[in-house]
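Engineer:
In full-length UniProt numbering, the protein residues as written are 1 to 244.
This is how it looks when you write it as structure tokens:
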């Protein structure tokens, strides 16, 4: 992840200057024209960067998650399935943990990765540290589960744009019976951070009925393709602009 990556907000200028220097700099050509596929890739990347619990896991002394392209592809595919169906429903696979969240709005649903992470994390208010096998907090426990190492995220909208679905998938999966105390440590500060109503007021989310699996424009956010190449291209473009 590169949280410091900057994407220029004037793509026409970016494209023109990149094209003018492409041959001499010998950069790999990737079109930076504003098209739905480019916007989708950026949106998807931003979702992955902000929904993986970075910062939230650190509050509990848990190591950061590594983004997995394999998990992201699977999460994206399933987000699109739910968007077509129009309702959230957990998948059947038990090889990974799964968090789902959805939001609906007649004027067009919007849900950022940070909002999704905060919604899942807000279930900390139901969690009692030092107690095994708890319910109504499975999203939170999966976000901070210590043994979880990798995650991938997908996001898709309904055809009319009024609904948005976010899927988080995690390996190793969390929420194993009799493993809560070991994998869900209390905040290092000794104080629970509970997202405020203002932070949570813009979206709603669904709960799953099982403690191991968690519930939660047509943009058709695409699978992050060639993530490193994309990142390098944007970085190179920014560097070219700075040289002007």
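Even glycine gets a Cβ: it sits at the ideal position worked out from N, Cα and C. Keep in mind that this is a model prediction, so the values were computed, not measured.
Going by CA-CA distance only, name the one from 78, 106, 73, 95 that's closest to residue 162.
Structural biologist: Considering only alpha carbons, the answer is 106.
Engineer: Less than 8 Å between the C-beta atoms of residue 138 and residue 71, yes or no?
Structural biologist: Result no, Cβ atoms of residue 138 and residue 71 do not sit closer than 8 Å.
Engineer: In or out: residue 130 buried (at least 16 other Cβ within 10 Å) or exposed?
Structural biologist: It is exposed - the Cβ of residue 130 has fewer than 16 other Cβ atoms within 10 Å.
Engineer: Give a yes or no on contact between the region 180–191 and the region 107–114, applying the rule of three or more CB pairs nearer than 8 Å.
Structural biologist: Touching, no.
Engineer: Excluding the five sequence neighbours on either side, which residues of its own chain have a C-beta within less than 6 Å of the C-beta of residue 68, listed in chain order?
Structural biologist: So the qualifying residues of the chain are 150, 152.
Engineer: Which value, in whole angstroms, describes the spacing of the CA atoms of residue 167 and residue 190?
Structural biologist: Straight-line Cα distance between these residues: approximately 30 Å.
Engineer: Buried or exposed: which applies to residue 262, given that a residue is buried once 16 or more other Cβ atoms fall within 10 Å of its Cβ?
Structural biologist: Lying outside 1 to 244, the shown extent of the chain, residue 262 is not represented and no answer is given.
Engineer: By the 10 Å Cβ neighbour count, where 16 or more other Cβ atoms means buried, how is residue 92 classified, buried or exposed?
Structural biologist: Counting Cβ neighbours within 10 Å, residue 92 comes out exposed, since fewer than 16 surround it.
Engineer: Quick check on the burial criterion: 16 or more other C-beta atoms within 10 angstroms. Buried or exposed for residue 125?
Structural biologist: Result: exposed.
Engineer: Let me confirm a value: residue 87 is counted as buried when at least 16 other C-beta atoms fall within 10 Å, else exposed. Which label applies?
Structural biologist: When all chains shown are included, residue 87 counts as exposed.
Engineer: State the Cα-Cα distance for the pair residue 170 and residue 115, rounded to the nearest angstrom.
Structural biologist: Approximately 18 Å between the Cα atoms of the pair.
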